[in-house]
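Residues 11 to 90 in my numbering are what the sequence shown spells out, letter by letter. Ideal placement from N, C-alpha and C gives every residue a C-beta, glycine not left out. What you are looking at is a predicted structure, and each value in this text was computed from that prediction instead of being measured. Here is the structure we will look at, set down as structure tokens.
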Amino acid sequence: RSDGKWFQWYKNGQKKSEGTVLNNQSNGKHTEWYENGHYKSVGFFKHDKKEGKWTDWTEDGQIKSTVYKDGICISGDCLK
11 RSDGKWFQWY
21 KNGQKKSEGT
31 VLNNQSNGKH
41 TEWYENGHYK
51 SVGFFKHDKK
61 EGKWTDWTED
71 GQIKSTVYKD
81 GICISGDCLK
């Protein structure tokens, strides 16, 4: 992976996801969208691990938040 901003697109031209790579690792804000253009997920990576608050949306718009520290879920909707 090259350093810098990256993007993925759906076949219909809608943006699917975007993020930033630094030193060959995901770092900074990461955003994903559903094919209809609504938000799917927003959060941050630090050294290739989820960090801090992540907000996810269901396709019908319901919000759930999860907090990560060093890539480990510490609160919210943590899967066991």
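Query	Result
Thr-65 - containing beta strand (DSSP E), residue span	59 to 67
Proximity of Lys-9 and Asp-80 at Cβ, strictly below 9 Å	One cannot answer for residue 9 here, as it falls past the ends of the chain, which runs 11 to 90.
Residue span of the beta strand (DSSP E) that contains Asp-18, given as start and end	Here the sequence assigns Gln to residue 18, which means Asp is not the residue at that position. Where Gln-18 is concerned, the enclosing beta strand (DSSP E) stretches over 14 to 19.
Inter-residue spacing [alpha-carbon to alpha-carbon] between Trp-67 and Val-52	9 Å
Helix, strand or coil at Glu-42 [DSSP, three-state]	strand
Helix, strand or coil at Gly-86 [DSSP, three-state]	strand
Cβ-Cβ separation, Gln-72 to Trp-43 (assumed contact under 8 Å), whole Å	With a Cβ gap of about 16 Å, Trp-43 and Gln-72 do not count as contacting.
C-alpha gap between Lys-26 and Glu-69, whole angstroms	14 Å
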